[in-house]
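Trainee: The letter at position 221 of the sequence shown is residue 851 when you use the working numbering, and the numbering goes up by one with no holes.
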Amino acid sequence: MEISNVMEYEALAEEKLPKMVYDYYASGAEDQWTLKENRNAFSKITFRPRILMDVSKIDVTTSILGFKISSPIMIAPTAMQKMAHPQGELATARAATSAGTIMTLSSWATSSIEEVASTAPTGIRFFQLFVSKDRSIVTQLVKRAEEAGYKAIVLTVDTPRLGRREADIKNRFTLPDNLTLKNYESLNLGSIDRTDDSRLASFISNQFDRSLSWKDVKWLQTITDLPILLKGVLTAEDAALAVQAGAAGIIVSNHGARQLDYVPATIMVLEEVVRAAEGKVPVFLDGGIRRGTDVFKALALGASGVFIGRPVLFALAVEGEAGVRKVLQMLRDELELTMTLSGCRSVEEITRRHIQTPGDSTRRVTS
Numbered sequence: 631m632e633i634s635n636v637m638e639y640e641a642l643a644e645e646k647l648p649k650m651v652y653d654y655y656a657s658g659a660e661d662q663w664t665l666k667e668n669r670n671a672f673s674k675i676t677f678r679p680r681i682l683m684d685v686s687k688i689d690v691t692t693s694i695l696g697f698k699i700s701s702p703i704m705i706a707p708t709a710m711q712k713m714a715h716p717q718g719e720l721a722t723a724r725a726a727t728s729a730g731t732i733m734t735l736s737s738w739a740t741s742s743i744e745e746v747a748s749t750a751p752t753g754i755r756f757f758q759l760f761v762s763k764d765r766s767i768v769t770q771l772v773k774r775a776e777e778a779g780y781k782a783i784v785l786t787v788d789t790p791r792l793g794r795r796e797a798d799i800k801n802r803f804t805l806p807d808n809l810t811l812k813n814y815e816s817l818n819l820g821s822i823d824r825t826d827d828s829r830l831a832s833f834i835s836n837q838f839d840r841s842l843s844w845k846d847v848k849w850l851q852t853i854t855d856l857p858i859l860l861k862g863v864l865t866a867e868d869a870a871l872a873v874q875a876g877a878a879g880i881i882v883s884n885h886g887a888r889q890l891d892y893v894p895a896t897i898m899v900l901e902e903v904v905r906a907a908e909g910k911v912p913v914f915l916d917g918g919i920r921r922g923t924d925v926f927k928a929l930a931l932g933a934s935g936v937f938i939g940r941p942v943l944f945a946l947a948v949e950g951e952a953g954v955r956k957v958l959q960m961l962r963d964e965l966e967l968t969m970t971l972s973g974c975r976s977v978e979e980i981t982r983r984h985i986q987t988p989g990d991s992t993r994r995v996t997s
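(1) Run the CB neighbour count on Ser-657, radius 10 Å, all protein chains shown included, and call it buried at 16 or more, exposed below.
(2) Does DSSP put Thr-769 in a helix, in a strand, or in coil?
(3) Okay, do the segment 777-790 and the segment 875-891 touch, 3+ Cβ pairs below 8 Å being the bar?
(4) Report yes if the C-beta distance between Val-911 and Ala-872 is below 9 Å; otherwise report no.
(5) Are at least three pairs of beta-carbons, each pair with one atom in the segment 848-856 and one in the segment 694-710, less than 8 Å apart?
(6) DSSP three-state label for Arg-755, please.
(7) According to the neighbour-count rule (16 or more other Cβ atoms, all chains shown, within 10 Å of its Cβ), is Pro-751 buried or exposed?
(8) Below 9 Å between beta carbons: does that hold for Pro-790 and Phe-838?
(9) By alpha-carbon positions, which one of Arg-774, Val-761, Ile-732 ends up nearest to Ile-754?
(10) Less than 8 Å between the CB atoms is what I'm expecting for Ala-725 and Leu-647, so what's the real figure, rounded?
(11) Give the secondary structure of Asp-916 by DSSP, where H, G and I count as helix, E and B as strand, and everything else as coil.
(12) Please state whether DSSP places Phe-937 in a helix, a strand or coil.
(13) Candidates Ala-928, Arg-774, Pro-716, Leu-811: which alpha carbon is nearest Ala-739's?
(14) Mind checking which residues open and close the alpha helix (DSSP H) that includes Ser-728?
(15) Using the rule of at least 16 other Cβ atoms within 10 Å of the residue's Cβ for burial, across every protein chain shown, is Lys-861 buried or exposed?
(16) To which residues of the same chain is Pro-707 closer than 7 Å at the C-beta, ignoring the five residues directly before and after it?
(17) Check whether the segment 895-908 and the segment 795-811 touch, using three or more Cβ-Cβ pairs below 8 Å as the test.
(18) Assess contact between the segment 942-960 and the segment 670-686, defined as three or more Cβ pairs (one per stretch) separated by less than 8 Å. Is contact present?
(19) With three or more beta-carbon pairs closer than 8 Å as the criterion, would you say the segment 973-982 touches the segment 686-698?
(20) With DSSP run on the structure shown, which of helix, strand or coil describes Val-636?
(21) Should the segment 917-928 be called in touch with the segment 657-672, which here means at least 3 C-beta pairs below 8 Å?
(22) Spatial neighbours of Lys-649 within its chain, please: C-beta separation below 8 Å, excluding the five flanking residues on both sides.
(23) Quick check on the DSSP output: the beta strand (DSSP E) that includes Ala-782 runs from which residue to which?
(24) When we look at the beta-carbon of Met-683 and count the other beta-carbons within 10 Å, is it buried (16 or more) or exposed?
(25) Hey, Leu-720 and Glu-744: beta-carbon distance below 9 Å or not?
(26) May I ask you to list the residues that DSSP assigns as paired with Gln-986?
(27) Per DSSP, which residues does Asp-689 bridge with? Please list them.
(28) Please report the distance separating the alpha-carbon of Ser-634 from that of Trp-663.
(29) Leaving out the 5 sequence neighbours to the left and right, which residues in its chain are closer than 6 Å to His-984 when beta-carbon positions are compared?
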């Protein structure tokens, strides 16, 4: 079967993966309302294309934190990728590097910080961080990321505890016996039996620090010079506080709808967060991106770029590294087509005037 769009990978991945693994990747929290809304919300935004703009040359490249990348489409952190494919995060890293974009490695990866760095040494990588109760674990992970050449820390801020994912409860989800959370193997985790991978996973999930607060963002800045992006911001109030706390960027994210159900789709709160950031730091979006048209809509609402998660996992499951490369290429091609048909020759030319949202009460008329 010739795969013609990103969504087709999900159905193929469902056929191929064990039910426990597919459900872990695909499901959301509780009623999964937000999971559906992350996709549905994009359909509520329509285009206002401009004509006769000489679109003979289209440039989809952009710069993120000073790094030039091939398109504003980057890879979000997703856990335990070797459940999808034996090469896991290593395949994803190689695909991101060959596509000329940024990969974010999850703390809960099944490949280590160092393995991922060495498999694609020329790539630009960010490291996603959960803050453990034991701050020495945090310090060790951050130092390892720095030494391995990672360019930013992506601090997940919406997980004082895990959301209720009922599919995982029903399936009694555990990490398969042949895998481990590699970044924690060499750390001093007390008396935990590291040969028991499912116990290791539950031990680490119990490490979430519910006392995490803005002071910890400041503390993180004292242990690293890397820029810190905050992932999980959904309101203007928190966006303003993030800027005040010295964050280098904001990722508008609802954790792939896996935390608090009935929060809005990320695309619906993006503009509020962008306004609150006042251009002081870049704002990014993840959640529900499946088409180049989705990417365009996010950019029109003020995002500097987007991160994709599940499309990477599903393509990885079906076609390994080649699948991840293809997903990135398809989204890039679709974005380029959308820009062409909307009259935008560069990412910078995409503006709020190119789209119409449900909140736009009256049709705007250009002068």
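For each residue, glycine too, the CB sits at the ideal point set by N, CA and C.
Mentor: Taking the definition as stated:
(1) As a first step, residue 657 is located in the sequence shown; it is residue number 27 there, counting from the start. It counts as buried.
(2) What you label residue 769 is simply residue 139 of the sequence shown in a count that begins at 1. Of the three classes helix, strand and coil, the one that applies to Thr-769 here is helix, per DSSP.
(3) When Cβ pairs closer than 8 Å are counted between the two stretches, the segment 777-790 is seen to touch the segment 875-891, the count reaching three or more.
(4) Here residue 911 refers to the residue found at position 281 of the sequence shown. Here residue 872 refers to the residue found at position 242 of the sequence shown. It is a contact, given that the beta carbons lie within the stated cut-off.
(5) no
(6) Along the sequence shown, read from residue 1 onward, the residue named residue 755 stands at position 125. Arg-755 falls in the strand class under three-state DSSP.
(7) What you label residue 751 is simply residue 121 of the sequence shown in a count that begins at 1. Exposed.
(8) In the sequence shown, counting from the first residue as 1, residue 790 sits at position 160. In the sequence shown, counting from the first residue as 1, residue 838 sits at position 208. Yes, they are a contact pair.
(9) One-based indexing of the sequence shown puts residue 754 at position 124. The shortest Cα separation from Ile-754 among Arg-774, Val-761, Ile-732 belongs to Ile-732.
(10) Locating residue 725 in the sequence shown gives position 95, counting from the first residue. Locating residue 647 in the sequence shown gives position 17, counting from the first residue. That belief does not hold up - the Cβ atoms of Ala-725 and Leu-647 are roughly 19 Å apart, past 8 Å.
(11) The sequence position of residue 916 within the sequence shown is 286, counting from 1. If DSSP states are grouped into helix, strand and coil, Asp-916 belongs with the strands.
(12) Stepping through the sequence shown from its first residue, residue 937 is reached at position 307. Residue state, collapsed to three classes: strand.
(13) Sequence index remark: in the sequence shown, residue 739 carries index 109 (1-based). Nearest option by C-alpha distance: Leu-811.
(14) Here residue 728 corresponds to residue number 98 of the sequence shown, with the count starting at 1. Per DSSP, Ser-728 belongs to the alpha helix (DSSP H) from 718-729.
(15) The residue you call residue 861 lines up with position 231 of the sequence shown. That one is buried.
(16) Taking the first residue of the sequence shown as position 1, residue 707 is located at position 77. Around Pro-707: Thr-734, Leu-735, Ser-736, Gln-758, Val-784.
(17) no
(18) no
(19) yes
(20) Translated into the one-based positions of the sequence shown, residue 636 becomes position 6. Reduced to three states, the DSSP call for Val-636 is coil.
(21) Contact holds: three or more Cβ-Cβ distances are below 8 Å.
(22) Translated into positions along the sequence shown, residue 649 becomes position 19. Taken in chain order, the residues that qualify are Asn-801.
(23) Position 152 of the sequence shown holds residue 782. Ala-782 -> beta strand (DSSP E) spans 782-786.
(24) Here residue 683 corresponds to residue number 53 of the sequence shown, with the count starting at 1. Within 10 angstroms of the beta-carbon of Met-683 lie fewer than 16 other beta-carbons, which makes it exposed.
(25) Residue 720 sits at position 90 when you count from the first residue of the sequence shown. Residue 744 sits at position 114 when you count from the first residue of the sequence shown. It is not a contact, given that the beta carbons lie outside the stated cut-off.
(26) For the purposes of this step, residue 986 is taken as the residue at position 356 of the sequence shown. Gln-986 pairs with Thr-676.
(27) What you label residue 689 is simply residue 59 of the sequence shown in a count that begins at 1. Ser-976, per the DSSP bridge assignment.
(28) On the sequence shown, position 4 is the one that residue 634 refers to. On the sequence shown, position 33 is the one that residue 663 refers to. Answer to the nearest angstrom: the Cα atoms are 27 Å apart.
(29) As a first step, residue 984 is located in the sequence shown; it is residue number 354 there, counting from the start. Taken in chain order, the residues that qualify are Arg-678, Ala-930, Ser-972.
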